[in-house]
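To start, the structure under review is shown below, and the notes come after it.
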Amino acid sequence: MLNVSVNNEVMQVQAPCCVTQLIEQAGFAQQTIAVAINGEFIAKRMYQQTQINQNDSIDIVKPIGGG
Amino acid sequence: MLNVSVNNEVMQVQAPCCVTQLIEQAGFAQQTIAVAINGEFIAKRMYQQTQINQNDSIDIVKPIGGG
Amino acid sequence: MLNVSVNNEVMQVQAPCCVTQLIEQAGFAQQTIAVAINGEFIAKRMYQQTQINQNDSIDIVKPIGGG
Amino acid sequence: MLNVSVNNEVMQVQAPCCVTQLIEQAGFAQQTIAVAINGEFIAKRMYQQTQINQNDSIDIVKPIGGG
Amino acid sequence: MEQLATQDLLTLYDETFSSRFLLGTALYRSPLEMCNAIKASGSQFITLSLRRQNPEQNDGDAFWQMIKDTGCKLLPNTAGCKSAKEAINLAEMSRELFETPWIKLEVIGDDYNLQPDPFELVIAAKELIKRGFKVLPYCTDDLVLCMRLRDAGCQVLMPWGAPIGTGQGLLNKYHLQSLRERITDIPLIIDAGLGSPSQASAALEMGFDAVLLNTAVAKADDPVLMAKAFALAIESGRYGYLAGLMQRRQTASASTPVLGQPFWHQNK
Amino acid sequence: MEQLATQDLLTLYDETFSSRFLLGTALYRSPLEMCNAIKASGSQFITLSLRRQNPEQNDGDAFWQMIKDTGCKLLPNTAGCKSAKEAINLAEMSRELFETPWIKLEVIGDDYNLQPDPFELVIAAKELIKRGFKVLPYCTDDLVLCMRLRDAGCQVLMPWGAPIGTGQGLLNKYHLQSLRERITDIPLIIDAGLGSPSQASAALEMGFDAVLLNTAVAKADDPVLMAKAFALAIESGRYGYLAGLMQRRQTASASTPVLGQPFWHQNK
Amino acid sequence: MEQLATQDLLTLYDETFSSRFLLGTALYRSPLEMCNAIKASGSQFITLSLRRQNPEQNDGDAFWQMIKDTGCKLLPNTAGCKSAKEAINLAEMSRELFETPWIKLEVIGDDYNLQPDPFELVIAAKELIKRGFKVLPYCTDDLVLCMRLRDAGCQVLMPWGAPIGTGQGLLNKYHLQSLRERITDIPLIIDAGLGSPSQASAALEMGFDAVLLNTAVAKADDPVLMAKAFALAIESGRYGYLAGLMQRRQTASASTPVLGQPFWHQNK
Amino acid sequence: MEQLATQDLLTLYDETFSSRFLLGTALYRSPLEMCNAIKASGSQFITLSLRRQNPEQNDGDAFWQMIKDTGCKLLPNTAGCKSAKEAINLAEMSRELFETPWIKLEVIGDDYNLQPDPFELVIAAKELIKRGFKVLPYCTDDLVLCMRLRDAGCQVLMPWGAPIGTGQGLLNKYHLQSLRERITDIPLIIDAGLGSPSQASAALEMGFDAVLLNTAVAKADDPVLMAKAFALAIESGRYGYLAGLMQRRQTASASTPVLGQPFWHQNK
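Chains as they are written, first to last, in this note's numbering: chain A, 1 to 67; chain B, 1001 to 1067; chain C, 2001 to 2067; chain D, 3001 to 3067; chain E, 4001 to 4268; chain F, 5001 to 5268; chain G, 6001 to 6268; chain H, 7001 to 7268.
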């Protein structure tokens, strides 16, 4: 099991786990989102081949009102 | 002859002279004007019966742009 | 008895009563004051000869801080 | 001969020439000055051992009023 | 909102106006320019005056005809009068000639700043109201003067923003604000001193009911476009007033939500 | 004039806009109110942002769908970022998600006044320009900072009027004026700090090309009407600028001609 | 310069004063604090008033004795009077009790902003001058009002800076400046509205001859130190006026000479 | 109070000063005038600079001798330098020639407004602090810049009031106020832009620790008297700050007590 932080919430995922799988487990499947791991942007095309590591901090963001 | 001032210009008119006659001689016949004698407004209906006197100061005014 | 108002307080005085007497009864004897009756200033030299009348409104004022 | 610029004025000096000599030739001997060569500050203690080179730009500054 | 635009009317002496822009007719480069500026302004109520003319330079009634053709309601003024007596007589002449009881009452108290004379103004206002005029007094922002004019029967007041023709705008917002807070039962029109559209907008934001101006339009490089600019500004200020301005704050406050900020971590 | 209205366009990175009003999408009482305010504003370019959301309070794509339906061009921001690195990564996420290279670059330097960090801002701007972004930096009115951002390749700058959310307006007109005088080759947009329509009008009168705001509309009592008020104010300020404002004068000057003043006599 | 300090005197009704600071005697936390503040202020001319007192709370002549002991010249006021008649009678009472013809004439026209009533003020001033008073009228910055008061015989005028007790300072510098430019033959004293020393300094820099205040000193945390602060500020403003202020410039100009700048080279 | 005057000292880099007035030595009509102005100012800390001089127009050490004779502490500046490198080298030359580690660090970012270059300024400050200088940076009122300079080790900052030589005063009181509120652990000196004593007084009332100026004194009609005027103003502003200014109020409030008003009657 990997202990990661998703949007600053602790979460456990089955290893190995790519970004696509993480998104599903985090409940953001089919949604309009963007992802960063440890503060670095991860492009969609990299989701499959990018593995989540122990203690990664993942940001999953969605559109919101802004000024 | 009466010496009067019309719009601050000296003018001579044949006595007796009513306002109507003065207006004609001053060249304002048929025009859109209003009249005061010695600083007092004279209504149109009084033109006939109002006589000009020696040294009267007559104002004959017309519309102009204003702010 | 005369019913008068001194500094907006009701007061009764024995008739006849001059300003000097009123001042004493009002408790301002020997003090630095000025007087008005019914809104009219009364000079010191008139205190003796000025009689108080029924329902007079008397102002007795003293120095106070001002801006 | 060395062609140098002293305070943006062209000047010729006999080679070899140290800063002390240059200062004299430039007419600033015995005066309260500070020196820079090609934009770099030269400390007093280095005047003797610092040689002037061809095309050096020398600044010799003095106190002046400032805000 | 469209609804509002058609229902939010200015009422002066029981007469309603959809435009809150009173425009002057002097200082234009040409009569045609004046007419185009009036059209562009959407103004329904324009000021004009009476002056002597020498018979020779007498142009007949050309100007007068042009003014009538604008179809606007007329507001003659008593500009330049220096006493109640002068103003009253000029008002009578205006009423007869322009066939209107409406008068912009000006009594100038000083040739240098062209300010109203509070004393003569009140005397003239009282008399003209008695004679049945609908008086719009050009006054200062002095609250006591304004209350006296209201007591005299004026159903609208026109305090200055700044001296005539300066374009300085609302010189004394503090007094104008407290004037507006104290006099709520009749319309207040800012008359004179405005130089730019934003100043007119600010006047209406503060709750003033309308503005009257002339120089800022006539002396613009392009008076027609400037007339349009003021018309939009006046509408914007009025809407801003009706929409209720946000509270001004001393310290900053994020518009974009702070919650959910990316990259932020407890262990930071 | 109508002609002008259709021809006077704002150009940002070679793209033209007929509206000079950039509006934010935060702080509204409801999404519907937001949509109506956007419609009333006539804005063609609206800002929005990216934030974390917990799966539970996850509303799916409702907000996102609504924004797309406005048909407006999108300007994602990097609000809340405190370093060039954070801003750059959030910009990349925005570019992918919103499928746009446009970015309102915010790097906050202080939590108290929420001002831009001049140092991190320049670093981030350089990098994002290199990566092909169309960067609109939220900056201060510091001329040197603005010149550095222009040198970095920014083709538009967005100096603040006042701190975000304060509604203080154009706090430093002197600096803003000289900024406008010095930077004439690219558009300048006043971003943040505006509280009332007249302030927006004043910004455009000074020659600024557009304004971006959010709080003043969203926090008005009636945001929809306020959006309309700002739209009119911005148009009025732009027209005022194009029409050429009258010269401000120190001393009064009569609008109504003095020549021919009635009742005046030599012997007076 | 020392010479100047001793020769630059304020003249009111042919009487000279070396201090340009008139101080009020109300609102202090204690009589002792008042006395110390007066001493610290260097004021030679202090205002006071007359009020009813009930016999019971009657403190005899304690306050009065204290005031006399300051050795300052006394300027009784007619604060709170709302008509010429009230002011005239209170002035008479003051003249008798304080044995002085000097009077600060106040006729309040509105309970909300406590502004002078221009109309009653002129009536009262005329009458009191006729009765031999030396009238110092508390007035607005209205030029016409001020000219009327001067015509009534007032040899000094006291226009307000802002409403009494607000501490807003010189609210309308434009009008105050033109007032000073127009009325040059008699002293003008800024009375009321000042809240900080810098505001008093600014008044004297503008050419006003003195200031009168009370609240800003009495309501300071340390009235004695604040009295000293105002004394210094008034002197600084007066000296600044006499020394001739530099011309304000729109654009920057180096103080340190540009000529001879090091490191600069032709071939740069 | 006298006690306070002697105990309220300004501390810069652990050195104390009783005067809060730093004065420049340029632009005077004559060296004698300069000396008299310095004396009148009571300044203990004066700025000066270094420039090239041609041997011919070489006056020997006359000026330098005069400056030394004032007995004031010297603060050399790096006026006119446009890069960190230039400023650092000129600072080194100043340290050697004037035998002082104190330096007023100026790095100009624009020839037009002569503003500090925030970027080069921080680079130069870091380096000079490392080299043991006591750096007084001439900076803007940008909070982030100021915090960076403090982090670089500056123990005093000198934000501008307005561009050098303009005399515009405190152009941005809002930012200066929040700067003062945020930076409380080191002294802040207002440097440049002041034109009149009241502006200097206002700066100290706001809590700034001192002012540095030159043009306003040197370009006055009477620089010696103006120097004295500023000295008094600075003291007044400092005392005003220490004495605690009254709260500014929106509405009027009588100073003379309302209780006991004569002539008032129930039955009124």
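Glycine included, each C-beta is placed from N, C-alpha and C at the ideal position.
Sorted by chain position, which residues of the same chain lie with C-beta nearer than 7 angstroms to residue i's C-beta, five sequence neighbours on each side aside?
i, result
"Ala4079/E", "Ser4049 and Glu4106"
"Leu7128/H", "Ile7088, Ala7091, Ile7103, Leu7105 and Val7135"
"Gly7132/H", "Pro7101"
"Gln5007/F", "none"
Under the three-state reduction of DSSP, which class applies to residue i: helix, strand or coil?
i, result
"Val5258/F", "coil"
"Asp4069/E", "helix"
"Lys7268/H", "In this prediction, Lys7268/H scores a pLDDT of 44, lower than 50, which makes its location untrustworthy; the coordinate-derived value is nonetheless stated afterwards. Here Lys7268/H sits in coil by DSSP."
"Gln12/A", "strand"
"Thr7215/H", "helix"
"Ser4272/E", "The shown model of chain E, from 4001 to 4268, leaves out residue 4272/E, and the question about it has no answer."
"Val4144/E", "helix"
"Ile1052/B", "coil"
"Ile4234/E", "helix"
"Phe2028/C", "coil"
"Gly4973/F", "There is no way to answer for residue 4973/F, as the model of chain F reaches only from 5001 to 5268."
"Phe6017/G", "strand"
"Leu7114/H", "coil"
"Leu4194/E", "coil"
Specify, as a first and last residue, the run of the alpha helix (DSSP H) that residue i falls within.
i, result
"Arg7180/H", "Lys7173 to Arg7182"
"Phe7098/H", "Ala7084 to Phe7098"
"Ile4046/E", "Looking at the DSSP string, Ile4046/E is not in any alpha helix (DSSP H); the run it does join, the beta strand (DSSP E), is Phe4045 to Arg4052."
"Leu6121/G", "Pro6118 to Lys6130"
"Ile7186/H", "It is not in any alpha helix (DSSP H) - Ile7186/H carries neither H nor E in the DSSP assignment."
"Lys6039/G", "Pro6031 to Ser6041"
Output, in chain order, the set of chain A residues within a Cβ distance shorter than 9 angstroms of residue i.
i, result
"Thr4256/E", "Ile64, Gly65, Gly66 and Gly67"
Looking only at its chain, what residues have a beta carbon closer than 8 angstroms to the beta carbon of residue i, apart from the 5 residues adjacent to it on each side?
i, result
"Gln5177/F", "Met5206"
"Lys7268/H", "Low confidence applies to Lys7268/H: its pLDDT is 44, below 50, so where it sits in the model is not reliable, and the reading given next is rough at best. None."
"Cys5154/F", "Ala5125, Ile5129, Val5135, Leu5136, Pro5137 and Ile5186"
How would you list, in chain order, the residues of chain G whose beta-carbon sits under 7 angstroms from the beta-carbon of residue i?
i, result
"Asp2059/C", "Arg6052"
"Leu4145/E", "Pro6118"
Going along chain C, which residues have a C-beta under 8 angstroms from residue i?
i, result
"Ile6234/G", "Correct list: empty, because the minimum Cβ distance to chain C is about 17 angstroms."
For the beta strand (DSSP E) that residue i lies in, which residues bound it at each end?
i, result
"Cys17/A", "Here Cys17/A belongs to no beta strand (DSSP E), and DSSP marks it neither H nor E."
"Tyr4138/E", "Lys4134 to Cys4139"
"Ser3057/D", "Ser3057 to Gly3065"
"Ala3034/D", "Ala3034 to Ile3037"
Report the neighbours of residue i on chain G: residues whose CB is nearer than 8 angstroms to its CB, in chain order.
i, result
"Thr4140/E", "Asp6142"
Mind pulling the chain G residues with CB within less than 9 angstroms of residue i?
i, result
"Ser4178/E", "Tyr6112, Asn6113 and Pro6163"
"Gln4168/E", "Tyr6174"
Chain F partners of residue i, CB-CB under 7 angstroms?
i, result
"Gly1039/B", "Phe5263"
Which whole-angstrom value is the C-beta distance of residue i and residue j, which I expect to be below 8 angstroms?
i, j, result
"Val4/A", "Asn55/A", "7 angstroms"
"Ala5216/F", "Gly5195/F", "5 angstroms"
Under 8 angstroms Cβ-Cβ, which residues of chain H neighbour residue i?
i, result
"Ile3023/D", "Within chain H, no residue comes near Ile3023/D; the closest Cβ sits about 11 angstroms away, beyond 8 angstroms."
Give me, in chain order, the residues of the same chain whose beta-carbon lies closer than 6 angstroms to that of residue i; leave out the 5 immediate sequence neighbours on both sides.
i, result
"Glu6271/G", "With chain G running from 6001 to 6268 in the structure shown, residue 6271/G is simply not present."
"Met7226/H", "Val7217 and Ala7220"
For a contact meaning CB atoms closer than 9 angstroms, what does residue i contact in chain E?
i, result
"Ala36/A", "Pro4262 and Phe4263"
Name the chain E residues that come within less than 7 angstroms of residue i, Cβ to Cβ?
i, result
"Gln1031/B", "Gly4060 and Asp4061"
Which residues in chain D have a C-beta closer than 8 angstroms to the C-beta of residue i? List them in chain order.
i, result
"Gly7024/H", "Gly3065, Gly3066 and Gly3067"
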